[in-house]
Structures are given as structure tokens and as C-alpha cells.
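Report on one structure; see the data block that follows.
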Amino acid sequence: MNGLLDAMDVLTRLWVWTYTLGLDGDSKQERREEITSDLWEQQAVALRSGESPTATASAIAFRVLLGIPADLVWRLEMGLASRQRGRNPMNETLPSRLGLLVGLALAAFPVIFGINVISGSGDWDSAIQRILWGGVWIVTGIAIITGLLITPRHYGAGMALIIVGVIGFGISTFWMAFVTVPVGLGILALAHWRGRHASPPPTVAVS
27 MNGLLDAMDV LTRLWVWTYT LGLDGDSKQE RREEITSDLW EQQAVALRSG ESPTATASAI
87 AFRVLLGIPA DLVWRLEMGL ASRQRGRNPM NETLPSRLGL LVGLALAAFP VIFGINVISG
147 SGDWDSAIQR ILWGGVWIVT GIAIITGLLI TPRHYGAGMA LIIVGVIGFG ISTFWMAFVT
207 VPVGLGILAL AHWRGRHASP PPTVAVS
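Using our numbering, you'd call the opening residue of the sequence shown number 27 and step up by one each time.
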């Protein structure tokens, strides 16, 4: 079951890499190094205490699930601070930032769903199935989140990622189409609105 622990380690790092996209180099690097250190310490403590890899993987998944709301709030706060320092090439209004928060919260659902499956939730025939399907859902969620974050600056690439993520999650959870289709359309509409209403920072006239 070491493969399950390795998968959770990779998925946790992938989640951190995703929600730190677009930040300045120092903030991004510090956050990623902080999480890497936390992961190493948690696994080292678990190894010394004789905890099974499955239990450690489940504990990591639980921490990630509980931390997603705080991670998204942190990302928005850091993005706002970066804009105030003039490091972000786009200005966003308060409705746009609130819309982003709603979109990220919705897009986090596939990530949460996937992590929950990989950690052992539900009736699955094997760990390989959990990792496969959970991985698909996590990747689709991350694609949507990445698209939402980059759409104001890179409209085409952002919308493409969101479309791929929405379609991928919708197909892989076809039994929930009555929920995933309207939510997916809502996220697409939100991303389009943010991308088309983003404005460049004010310029300073040079005499």
C-alpha cells in the first residue's frame, strides 16, 4: 500500500502547485516548501510510530480536505496583496474576486471527491481503481481551478482548461449529470465574465 501513500504525497503537492499559480516567486516558493516540509515531517513521525502507510495516506487526505477552504482564502488574500504591490498585471473588482471565490469553492468539489475516494471511501474493488478514478477527478478539478486563476490574464488557455475539466468530470460522473452540467455551465459563465471584464492596471503618463 506504499503506492497509495506515494499517490497522496504527489496529489497534495499538485494541489499546492495549482493554488499557488500566479503568485510572485517568493510567496509561491515559500508555500510549496512549507507544505513539502510538513509532508516529510508527518510521514517521518508516522514511520517512527509504526503507523501503517494506509493510515498515513488517509491522514494526509483528511488534512488536505479540511485545508482546502483555508488554502483558497489564503490564495485570494495573497493575490490581493500582490495586486496592491503592483505585481499582478490585471486589476479585478470586488464582484470579480467574490465570483472567483465561489468558482474555486465549486471547482474544489472534484478535488475533494477524488481525494476522498483515494483515501478509501466507498465500495471499490481495488486500490488501483480508487487511485485511477480518484486521480481522474482530482485532475479535472485542478484543471478547472487553474483555468479560473489564469483566465483574466490568459483567456483562451484558461477557458480551454475549464472546458476540459468540466467535460472530463461530467463524463466520469454521468450519473450526477443533473448536478454537474448546470454547475459546469455556471463555472464557464463565471470564467468568461471574469476574463472579459478584467482590466489592465492604470497607466502613469510620462511627460
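Just so you know, even glycine gets a beta-carbon here, dropped at the ideal spot from N, CA and C.
If you're wondering where the values come from, they're calculated on a predicted model, not measured in any experiment.
- Taken in chain order, the whole alpha helix (DSSP H) runs of length 4 or more contained in the stretch 147-177 are 153-176.
- Look at the beta carbons and you see the stretch 177-193 touching the stretch 202-221: at least three pairs across the two are nearer than 8 Å.
- For LEU65, the enclosing alpha helix (DSSP H) has its first and last residue at 51-75.
- When DSSP states are grouped into helix, strand and coil, LEU211 belongs to the helix group.
- CA-to-CA, the gap between PHE135 and GLY76 works out to about 33 Å.
- By the Cβ criterion, the stretch 56-63 is in contact with the stretch 28-46, since at least three pairs of Cβ atoms, one from each stretch, lie closer than 8 Å.
- Within 10 angstroms of the beta-carbon of GLN69 lie 16 or more other beta-carbons, which makes it buried.
- Going by beta carbons, ILE188 and ILE168 fall outside the 8 Å limit.
- When secondary structure is reduced to three states using DSSP, THR206 falls in the helix class.
- In the structure shown, GLY48 adopts coil according to DSSP, grouped into three states.
- Annotation: SER78 is outside any alpha helix (DSSP H) and is labelled neither H nor E by DSSP.
- In the structure shown, the three-state DSSP call for SER145 is coil.
- Distance from the CA atom of TYR45 to the CA atom of LEU132, rounded to whole angstroms, is 14 Å.
- Straight-line measurement puts the Cα of GLY93 at about 15 Å from the Cα of LEU127.
- Taking 8 Å as the upper bound for CB-CB distance, GLY196 and THR206 are in contact here, some 5 Å apart.
- If you compare the alpha carbons of GLY191, GLU103 and ALA186 with that of VAL165, the shortest gap goes to GLY191.
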